[in-house]
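Let me begin by presenting the structure, written as structure tokens, before commenting on it.
There are 2 protein chains.
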Amino acid sequence: MGNISKATLQRYPIYLKALRKLSKEGVKRVLSSELSEYVNIKSTTIRRDFSLMGQFGKQGYGYDVDELISIFAKELGEDYDEKMILIGVGRLGTAILNYNNWDYVAGEIVCAFDIQPEKRNKEPKVNVPVYHIDQLEEKIPEGCEIAILCIPSGAQEIVNKLHELGVKGIVNFTREHFVLPEGMIKKDVDVVSTIQELVFEVNSIHK
Amino acid sequence: MGNISKATLQRYPIYLKALRKLSKEGVKRVLSSELSEYVNIKSTTIRRDFSLMGQFGKQGYGYDVDELISIFAKELGEDYDEKMILIGVGRLGTAILNYNNWDYVAGEIVCAFDIQPEKRNKEPKVNVPVYHIDQLEEKIPEGCEIAILCIPSGAQEIVNKLHELGVKGIVNFTREHFVLPEGMIKKDVDVVSTIQELVFEVNSIHK
DNA sequence: TGAAGATTATTAAATAATTCACAATTACGG
DNA sequence: CCGTAATTGTGAATTATTTAATAATCTTCA
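Note that the protein sequences, when read in sequence, are chains E and S.
Just so you know, the first sequence maps onto residues 1 to 207 in this note's numbering.
Just so you know, the second sequence maps onto residues 1001 to 1207 in this note's numbering.
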């Protein structure tokens, strides 16, 4: 590990999702060519990606779906069982907490933080304790490495704080700009940018 | 256009977002090196990306922020003013319709479709007409190229239909698997996969 | 049990993306 | 209005990623 390319790393969740779907459907084995059709990635790319974690395909046979899933889990962090936090329990934050498809994600959201914890805790749909943002240092779970950021403003200050507290990765839903401290990783989830990207691509291809 | 690399195309929304932010703050000119620090992309990459659309930087001076913005708009689709549709007005769909940061996106959501249009239309927060999904063919806006998919199931059928109706790009919020028809482009927005990606990356770097 | 057929793993080749290095150009101060 | 300092734009070099080609291995069935 550590020498797996960025491009490959970004494909792993796609594979995992597909494999779990297949497993659920009762599929026991899969060929790289079948998976290729399923996820729209060339079979040779898939085989290379898989081989980076070891050799567990069988020539003339393919891959064992469940074995593959458990290897992904072991190698890539699912077994680490991340204790995650969410910051900002507004409309979006609540939607994420209530997301009904958390099966098999790489951990769980343990608690949340907000500037109005009393109000948020009253909402029937919020199923984790919500603390005041000032209690971050005090209440952050031991070994927490991942934070989900859903606040409308003031991101920079919180990001700096999180960095101090040992958080390594941020899933960023804010559109506000902030400087990422050295050593942290950020993944943006941004509907607007995604739409723009798509529009740009559509227009660049068809015009 | 058309020869701009995929990697570059994915960075354009990042630049645009940063430039608009800067413009709002009253910044009139910017150096590639400044922008580099702002968006965490090497300055030389930025210059190359920009130069693909023409030469509008000035040596010894930098780039004019507003000029840059208007060129992005012209070259990359903002002026196309996409008429977009949204399918599936559940919790997530509603959240997207109400998203309060639509400034400068590459078009607008014109209408939505659902299996319970009466119910959805009653919600005070839904600000576009909602039609029954069976009326898709009838009500889809002229020249619509982009659809936002927020349905929990039955994606494949709808995607096929959209393809027939000339839609070229899909912003996909569903976790359901579907086969993408030839010629269509899809962008997944998937919280779970994003978190996994982040966890994988964090673990692959630090372990 | 062995041969045929299928499919992976991997080496090598091709392609794509990034970064370097510096020439060309422009702003700006005197 | 000239010279200096700054900064872009871009060929060339490097690095990363994907794809092709094929050797190695496994399954399966007679």
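Here a beta-carbon is modelled for each residue, glycine too, at the ideal position from N, C-alpha and C.
The model shown is predicted, which means the values in this text are computed figures rather than measured ones.
- Put simply, the backbone Cα of residue 1181(S) is about 38 Å away from that of residue 1056(S).
- Around the beta carbon of residue 1028(S), fewer than 16 other beta carbons sit within 10 angstroms, so the residue counts as exposed.
- For the set 17(E), 137(E), 5(E), 91(E), the Cα lying nearest the Cα of residue 73(E) is the one of 17(E).
- Measuring C-alpha to C-alpha distances from residue 1194(S) to each of 6(E), 13(E), 7(E) identifies 13(E) as the nearest.
- Here the region 1090 to 1101 of chain S makes contact with the region 1119 to 1137 of chain S; the two share three or more CB pairs at distances below 8 Å.
- Around the C-beta of residue 1118(S), fewer than 16 other C-beta atoms lie within 10 Å, and the residue is accordingly described as exposed.
- Comparing alpha-carbon positions, the option among 1107(S), 1075(S), 1201(S), 1038(S) lying closest to residue 1021(S) turns out to be 1038(S).
- Taking all protein chains in view, the Cβ of residue 1134(S) is surrounded by fewer than 16 other Cβ atoms within 10 Å, so the residue is classified as exposed.
- Residue 10(E) reaches chain S at 1197, counting residues in chain order whose Cβ is nearer than 8 Å.
- Distance from residue 1084(S) to residue 1146(S) at the Cβ level is roughly 4 Å; contact confirmed, criterion being Cβ atoms closer than 8 Å.
- Every unbroken stretch of the alpha helix (DSSP H) spanning 4 or more residues and falling wholly within the region 7 to 42 of chain E is given here in chain order: 32 to 39.
- Here residue 1044(S) has no same chain residue with a Cβ atom under 6 Å from its own Cβ, once five neighbours each way along the sequence are excluded.
- Nearest C-alpha to residue 33(E) among 46(E), 25(E), 108(E), 26(E): 46(E).
- Neighbours of residue 40(E) in chain S, taken as residues at a C-beta separation under 9 Å, are given in chain order as 1179, 1180, 1186.
- Put simply, the backbone Cα of residue 1010(S) is about 28 Å away from that of residue 1089(S).
- Under the Cβ distance rule, residue 99(E) counts among the residues neighbouring chain S, one pair being separated by less than 8 Å.
- Here residue 1059(S) has no same chain residue with a Cβ atom under 6 Å from its own Cβ, once five neighbours each way along the sequence are excluded.
- The C-beta distance from residue 87(E) to residue 23(E) rounds to 34 Å, too long to fall under 8 Å, and the pair is not in contact.
- The Cβ atoms of residue 168(E) and residue 1167(S) lie no closer than 8 Å to each other.
- Considered as a whole, the region 1126 to 1182 of chain S harbours 1130 to 1132, 1146 to 1149, 1169 to 1172 as its complete beta strand (DSSP E) runs of no fewer than 3 residues, in chain order.
- A direct Cα-to-Cα measurement between residue 52(E) and residue 4(E) gives close to 7 Å.
- Contact of residue 1140(S) with chain E is not assigned, every C-beta pair being separated by 8 Å or more.
- Within the same chain, 1168, 1169, 1170 come within 8 Å of residue 1185(S) by CB-CB distance, once the 5 residues on both sides are set aside.
- Close CB contacts of residue 178(E) within its chain, under the 8 Å cut and outside five residues either way in sequence, are with 155, 156, 159 (chain order).
- Looking only at 1187(S), 1192(S), 1196(S), the smallest Cα-Cα distance to residue 40(E) is reached by 1187(S).
- Using a CB distance cut-off of 8 Å, residue 91(E) counts as an interface residue toward chain S.
- Residue contact with chain S for residue 194(E): present (Cβ-Cβ distance below 8 Å to some residue of chain S).
- What residue 123(E) touches in chain S, judged by beta-carbon distance under 9 Å, is nothing: the nearest beta carbon there is about 13 Å away.
- Between residue 173(E) and residue 92(E), the CB-CB gap stays under 8 Å.
- Here residue 1148(S) is buried, its C-beta having at least 16 other C-beta atoms within 10 Å.
- At a cut-off of 8 Å, the C-beta of residue 1095(S) has a neighbouring C-beta in chain E.
- Taking a Cβ-Cβ threshold of 8 Å, the residues of chain S close to residue 106(E) are 1195, 1196, 1199, 1200, in chain order.
- Interface annotation, residue 1112(S): not in contact with chain E, CB-CB separation never under 8 Å.
- Going by DSSP, residue 66(E) is part of no beta strand (DSSP E) but of the alpha helix (DSSP H) stretching over 65 to 76.
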